[in-house]
Amino acid sequence: MPETLDFDAAAGVPLAGLTALQALRDELGLKSGSRVFIPGGAGGVGTFAIQIAKALGAHVTTTASPRGRALVERLGADVVVDYTTQHFEDHVRQMDGVFDLLGGETLERSFGVVKPGGTVVSVAGLPEPTTARKDLDRGALLATLFWFASFGIRREAKRHGARYRYLFMHPSGAELSELARMIDGGRLEPVVDRVLPFDAIEDAFAHLEGGHAKGKVVVRMVDRQ
Ligand SMILES: NC(=O)c1ccc[n+]([C@@H]2O[C@H](COP(=O)([O-])OP(=O)(O)OC[C@H]3O[C@@H](n4cnc5c(N)ncnc54)[C@H](OP(=O)(O)O)[C@@H]3O)[C@@H](O)[C@H]2O)c1
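Residues 413 to 637 in the numbering used here are what the sequence shown spells out, letter by letter.
Below is the structure:
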């Protein structure tokens, strides 16, 4: 646990932080000077992703509504496209990679903004064969099912000369320690939207499902005095 966080803030780190780190560093291979597009940067994963991409030295473009603009700018986003009034394709092109947090139509449109040979990593689209083998350590049967499930998306990727990867985050103590060092060193700030008591867990899920959380929603299992 990072020494500089209380339990509420620390609870928000593992899932979102590891997802962002594995997508950006391990799958997209971001390094100094890389250009990455992160649609949906104001949420639980996005707020980690913007900061980790900046820490890796990348140039970051994200989308946010006016509700999230100030937050994603404060976290370091270089370019912010207001998705409520603008098409991101008008502002985003020739990206080295995309980290998709929204799936659906946004994912399909993302293939048009990467360079030929670039990669779109999604955590909100459909799993593909590598998800079964690499993330879930499963064999040919699941890989085949995922091959069929992702056929349309992979065809769209191929049409743009891009690669599609669906990441299923895997737990890693070593990577959690890296995140803790970044946090304690002041290079990564977990963003907590709200903390609710366990009695209000339905409200917590309702808020998340509303799709407008700014950072993580944390539920306290035991309410401290
Ligand atoms: N595969 C994995 O291992 C894995 C791990 C973690 C999470 N996930 C998935 O990753 C996705 C993102 O998770 P999350 O926790 O970051 O979600 P979240 O916190 O619920 O995201 C909410 C944010 O998304 C923004 N948003 C909504 N619609 C948008 C749009 N069309 N364009 C741009 N921004 C938009 C909202 O901004 P506004 O309020 O301004 O609209 C809000 O700030 C989810 O589908 C989750 O299930 C997968």
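Beta carbons are placed, not taken as given, at the ideal position from N, Cα and C, and that holds for glycine.
Residue state for R577 is assigned as strand, using DSSP reduced to three classes. If you check the CB distance, L579 and V533 come in under 8 Å. Excluding residues up to 5 positions away in sequence, P541 lie with their Cβ nearer than 6 Å to the Cβ of W559 in the same chain. Collapsing the DSSP output to three states places S444 in coil. If you draw a straight line from the Cα of T474 to the Cα of V492, it comes to about 5 Å. In the same chain as F511, and ignoring 5 residues on each side of it, the C-beta atoms closer than 7 Å to its own belong to A435, L436, L440, V448, I450, A461 and V533, in chain order. In the structure shown, G551 falls within a coil segment according to DSSP collapsed to helix, strand and coil.
Across the set H471, A569 and L557, the C-alpha of L557 shows the shortest separation from the C-alpha of R545.
The DSSP assignment places 426-433 and 456-467 as complete runs of the alpha helix (DSSP H) inside the region 426-477, in order along the chain (cut-off: 4 residues).
Within its own chain, the residues whose Cβ lies closer than 7 Å to the Cβ of D596, once the five positions on either side in sequence are excluded, are P414, E415 and T416, listed in chain order. Residue burial is scored here from C-beta neighbours: S522 has at least 16 other C-beta atoms within 10 angstroms and is therefore classed as buried. Per DSSP, L588 is not a residue of any beta strand (DSSP E); the alpha helix (DSSP H) it occupies stretches across G585 to D596.
Using a Cβ-Cβ distance cut-off of 8 Å, the region 497-513 and the region 480-489 are not in contact, since fewer than three pairs of beta carbons, one from each stretch, lie closer than that value. By the beta-carbon neighbour count (other beta carbons within 10 angstroms, threshold 16), R566 is buried. Annotation for K570: no beta strand (DSSP E) segment contains it, though the alpha helix (DSSP H) segment containing it runs F563 to R571.
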